[in-house]
Amino acid sequence: KARASVAFDAALTYFTAGIDLLDEKSWETDYEMTLHLYFGRAEVEFVTGSLEKAKTFFSTALAHANNDFDKAETYARMMELSMTSGEFTEGIEAGLAAVHLMGVEIPSGGADLDAAIENEFGQIKENLGQTRIADLFALPEMTDRRKQISLDLLANLWTLAYISAQQGHLLITPLKSVN
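Position 48, counted from 1, in the sequence shown is what the numbering used here calls 864; the numbers after and before it change by one each time, with no gaps.
Below you can see the structure in the form of structure tokens.
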């Protein structure tokens, strides 16, 4: 335990020093390194229990993310943070924003969510038709990166919905995954 603590202390020191060395244009001039430094700092803050600091670094990374994949990754990490901190509604909001970036639309609640659930059930019937379960194993492996990321995000979103007893999101996430 002590060795792990020392490693996190050292990592925090290195990430802090790295961020301190950045200039105001680093997000433009060295985007990848800057993003990795902010992710690293946020993760170390997260692991060491400084959840508010972690949230600040993830928020900064999100504000500067220059593509949908990095934004979705940031939202995914914010979802994990919200699971740990018990801020489930915030995590679900992050998850909905992330899947939206990947092209998956899920309403936040109410009648729109109920209608979306009904629509997804209909889509499953339409998509599967007379397909047997055994036939599904013969389908080619999914290669679309957006769909792969969406499935991971939907799984985490389902977990948040389960923990927070949000029935609508608990139902729609596996339905969206199937479709």
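No residue lacks a Cβ here, since even glycine has one placed at the ideal position from N, Cα and C.
Whose C-alpha, out of A892, E868, L867, G865, is nearest the C-alpha of L878?
Stepping through the sequence shown from its first residue, residue 878 is reached at position 62. The shortest C-alpha separation from L878 is found at A892.
Less than 7 Å between C-beta atoms, sequence neighbours within five positions excluded: which residues of the same chain meet that for L987?
Taking the first residue of the sequence shown as 1, we reach residue 987 at position 171. Around L987: I933.
For A818, I'd like the list of residues in its chain whose CB is within less than 6 Å of its CB, leaving aside the five on either flank, ordered along the chain.
Start at 1 with the first residue of the sequence shown, and residue 818 comes out as number 2. Unreliable placement is indicated for A818, whose pLDDT of 43 sits below 50; the coordinate value is still reported in the next sentence. The same chain holds no residue with a CB closer than 6 Å to that of A818 once the five nearest residues on each side in sequence are set aside.
Please confirm whether I940 and N995 have their CB atoms less than 8 Å apart.
Position 124 of the sequence shown, counting from 1, holds the residue named residue 940. Position 179 of the sequence shown, counting from 1, holds the residue named residue 995. Result yes, Cβ atoms of I940 and N995 sit closer than 8 Å.
Are three or more beta carbon pairs between the stretch 958–974 and the stretch 911–930 nearer than 8 Å?
Remark: three or more beta-carbon pairs, one from each stretch, lie closer than 8 Å, so the stretch 958–974 and the stretch 911–930 are flagged as touching.
Give the single residue among A981, Y854, K841 whose Cα lies nearest to the Cα of E889.
Taking the sequence shown and counting its residues from 1, the one referred to as residue 889 is at position 73. Per the Cα distances, Y854.
In chain order, what residues of the same chain have a beta carbon less than 7 Å from the beta carbon of A977, not counting five sequence neighbours either side?
Within the sequence shown, the letter at position 161 stands for residue 977. Excluding positions up to five away in sequence, the list reads I908, H985, L986, T989.
Taking L759 and A870 to be in contact with their CB atoms under 8 Å, please state how far apart those CB atoms are, rounded to whole angstroms.
In the structure displayed, the chain extends from 817 to 995; residue 759 sits before or after that span and is not available.
What residues in its chain sit with their C-beta under 8 Å from that of G919, if we drop five residues either side in the sequence?
Within the sequence shown, numbered from 1, the residue matching residue 919 stands at position 103. Cβ within range, chain order: R962, S966.
Do you know whose CA, among E868, A927, A827, lies nearest Q983's CA?
Working through the sequence shown from its first residue, we reach residue 983 at position 167. Among E868, A927, A827, the Cα nearest to that of Q983 belongs to A927.
Measure the beta-carbon distance from S980 to F904 and round it to whole angstroms, keeping in mind my assumption that it falls under 8 Å.
To locate residue 980, count along the sequence shown from 1; it is residue 164. To locate residue 904, count along the sequence shown from 1; it is residue 88. That pair is a contact at about 4 Å.
Quick check for students: name the residue ranges of the alpha helix (DSSP H) that lie wholly in the stretch 870–916, counting only runs of 4 or more.
884–901
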